[in-house]
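Protein sequence lines correspond, in order, to chains A and B.
Count along the first sequence from 1, add 250, and you get the number used in our numbering.
Count along the second sequence from 1, add 9, and you get the number used in our numbering.
Reviewing the structure listed below.
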Amino acid sequence: MKLVTGIVKPFALGDVKEALEQLGVLGMTVTEVQGFGRQKGHTEVYRGAEYTVDFVPKIRVEVVVDDALAERVVDALVGAARTGKIGDGKVWVTPVETIVRVRTGERGADAL
Amino acid sequence: MDTGNTAYVLGCAALVMLMTPGLAFFYGGMVRATSVLNMMMMSLVSLGVIGLVWVLLGFSLVFGDSHAGLVGGFEFAGLRQVDTVVGGVPVQAFAMFQLMFAVITGALLSGAIADRARFWPWTLFVAGWTLVVYVPLAHWIFAFDGAVSAKGGWLANTLHALDFAGGTAVEVNSGASALALALVLGRRRGWPHEPMRPHNLPFVLLGAGLLWFGWFGFNAGSALAAGAVASNAFVTTMTAAAAAVVAWLALEHRLDGRPTSLGGASAAVAGLVGITPACGYVDTFGALLIGVAAGLVCQLAIRLKYRLGYDDSLDVVAIHGVGGMVGLFLTGLVATDAVNPAGRDGLFYGGGFGLLGAQVVAILVAAGWAFAGSAALAWLVRRTVGFRVPEHVEAAGIDEAEHAESAYEYSPLRTRGSGPERNWT
């Protein structure tokens, strides 16, 4: 199993969710996060005083999927989140040792 | 007794009361999320402590019979013997109207010392400040001969400066006092290189709206009669605030690239401050001029604190101090007795330099008195009981340390812990 993690622009979340559902992904975890990459922060001006805001709001999407599905999930995520402009985000894949459904105790792929 | 005018003054008193909670929102939104409660509490306790000081002593010392034009007597202490009627309005109603002025002026100072003043020392300061700084200034400019008492204050009756609703006693006073407080308390840790952005701009706009609304009571109410002078003051108040908003936003766009909500809210207040001394003595043209001038000059004045290095956190000096000076000075140019027979003609209306000179003296006296008195008092509080919170408290946010509360409970993690029954068993 693989954990696919995507950091995407907040407004891309709707498209990302739809794209993953179409692939048959049954669940996901979404977190509001802040950070910076090459895009860096932005500046705001309050009563003439300029402030740099270092961290930009992003959404972190996490899905655990079967190995066979992982590459297609990555492609779907990237496709849905891409605008072609700086700050579109990142997607990465990490191996997952095991997974347990808390309610039933099922393990492995059955728990997905 | 004139029931119409009495109803008007009582209603205006309530309008002015609303300005202080409005100010609490205006200021509260501008500070960081970890000190919003302390900021708002400084306004709330002003309603408490200045209200008490005013009832017990303040009103009497401002409106009691004057000693040499400098301070009133003790005859109305505790609001005793104020069952008389002046100009058709019970003095009790007037006393409450004036109480609200004292409260909002004291609360205004708190903007200069955001995030760093201990609560009880602030309370002590603002009570003392009401008696030592506000009371004499208010007596000098608000107590007219033959109104509540036979003899009033020297700025109004000897110098004949024009200040319809409190450019001196409220605006220049709060600005100069705020500067003294900011200097005695010192900068916030991290200022100006650490970001201290407003945490809730909609609060700031809500507060500005309440202030604008209440200001009609403040300015038009100062006519103390529902008639032509009050109506003129209402017109000039609206005109100046409107002009200030447009002028400020235009300049801000030019200087900073965008018109901002904080700028718009500040602009409204700057325009209202500027027209305060003038509103009952100028016409629409004068109001326009004052509104535009306040919108431009106050905005430029805000940048001064970074040049000069004083942390007047929420710009009381630039908006109230400078705005008040602009309004008082321009009154000396554009006042006309055509709108109010009790007024005088300014330079532009053939009155010569007489009024302008009086206005300048009034500005200098108000600024000097307020700065010296507030600096001395703040220094005394600092030396005796201490004024600032410890560094670690400031770093963590003042709300938790001074009030044992936090403003926002959005995280479900914060609901974990134990309840009060632990202490009751």
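Glycine included, C-beta positions come from ideal geometry on N, C-alpha and C.
- Of the residues B/46, B/184, B/95, B/160, the one whose Cα lies closest to the Cα of residue 377 of chain B is B/184.
- Counting C-beta pairs closer than 8 angstroms gives three or more between the segment 64-77 of chain B and the segment 132-148 of chain B, which meets the contact rule.
- Uninterrupted beta strand (DSSP E) stretches at least 3 residues long and entirely within the segment 260-342 of chain B do not occur.
- Of the candidates B/103, B/83, B/82, B/103 places its Cα closest to the Cα of residue 92 of chain B.
- When beta bridges are read from the DSSP output, residue 357 of chain A appears opposite A/350.
- In this model, residue 76 of chain B and residue 83 of chain B are separated by some 11 angstroms (Cα to Cα).
- The C-beta of residue 43 of chain B comes no closer than 8 angstroms to any C-beta of chain A.
- Around the CB of residue 368 of chain B, 16 or more other CB atoms lie within 10 Å, so the residue is classed as buried.
- At a cut-off of 8 angstroms between beta-carbon atoms, residue 299 of chain A makes contact with chain B.
- Across the set B/32, B/94, B/112, B/351, the C-alpha of B/351 shows the shortest separation from the C-alpha of residue 239 of chain B.
- Between the segment 283-292 of chain A and the segment 345-358 of chain A, the count of Cβ pairs shorter than 8 angstroms is below three; the stretches do not touch.
- Going by beta carbons, residue 26 of chain B and residue 220 of chain B fall outside the 8 angstroms limit.
- Taking 8 angstroms as the CB threshold, residue 283 of chain A stays off the interface with chain B.
- Secondary-structure assignment with DSSP links residue 284 of chain A through a beta bridge to A/307.
- At a cut-off of 8 angstroms between beta carbons, residue 268 of chain A makes no contact with chain B.
- The Cβ atoms of residue 181 of chain B and residue 330 of chain B lie closer than 8 angstroms to each other.
- Across the segment 289-315 of chain B, CB contacts with chain A closer than 8 angstroms involve 308, 311, 312, 315, in sequence order along the chain.
- Scanning chain A for C-beta atoms nearer than 7 angstroms to the C-beta of residue 271 of chain B yields 296, 297, reported in chain order.
- Following the DSSP letters along the chain, one finds residue 372 of chain B inside the alpha helix (DSSP H) bounded by residues 363-393.
- Under the Cβ criterion of 8 angstroms, residue 207 of chain B is counted among the residues facing chain A.
- Proximity of residue 275 of chain B to chain A, defined by a Cβ-Cβ separation below 8 angstroms, is satisfied.
- For residue 29 of chain B, the enclosing alpha helix (DSSP H) stretches over residues 12-39.
- Shown here, residue 407 of chain B sits in a helix according to DSSP, grouped into three states.
- Short of 7 angstroms from the beta carbon of residue 50 of chain B, and not among the five residues preceding or following it, lie these beta carbons of its own chain, in chain order: 128, 412.
- Following the DSSP letters along the chain, one finds residue 268 of chain A inside the alpha helix (DSSP H) bounded by residues 263-272.
- Pairing residue 403 of chain B with residue 120 of chain B, the inter-Cα distance amounts to about 16 angstroms.
- In the structure shown, the three-state DSSP call for residue 362 of chain A is coil.
- Assigned with DSSP and collapsed to three states, residue 345 of chain A falls in strand.
- Among the CB atoms of chain A, one or more fall inside 8 angstroms of the CB of residue 267 of chain B.
- Look at residue 417 of chain B here: in three-state DSSP terms it is coil, with no helix or strand label.
- Listed along chain A, no residue sits closer than 9 angstroms to residue 145 of chain B by beta-carbon distance, the nearest being about 32 angstroms off.
- Under a criterion of Cβ atoms nearer than 7 angstroms, no residue of chain A is adjacent to residue 421 of chain B; the nearest Cβ is some 14 angstroms distant.
- With a cut-off of 8 angstroms on Cβ pairs, the segment 184-193 of chain B is not in contact with the segment 212-230 of chain B, counting fewer than three such pairs.
- Counting the other CB atoms within 10 Å of its CB gives residue 299 of chain B a total of 16 or more, which places it among the buried residues.
- Secondary structure within the segment 36-122 of chain B: not one fully enclosed beta strand (DSSP E) run of 3 or more consecutive residues is present.
- In this structure, residue 259 of chain A lies near residue 339 of chain A, with their beta-carbon atoms less than 8 angstroms apart.
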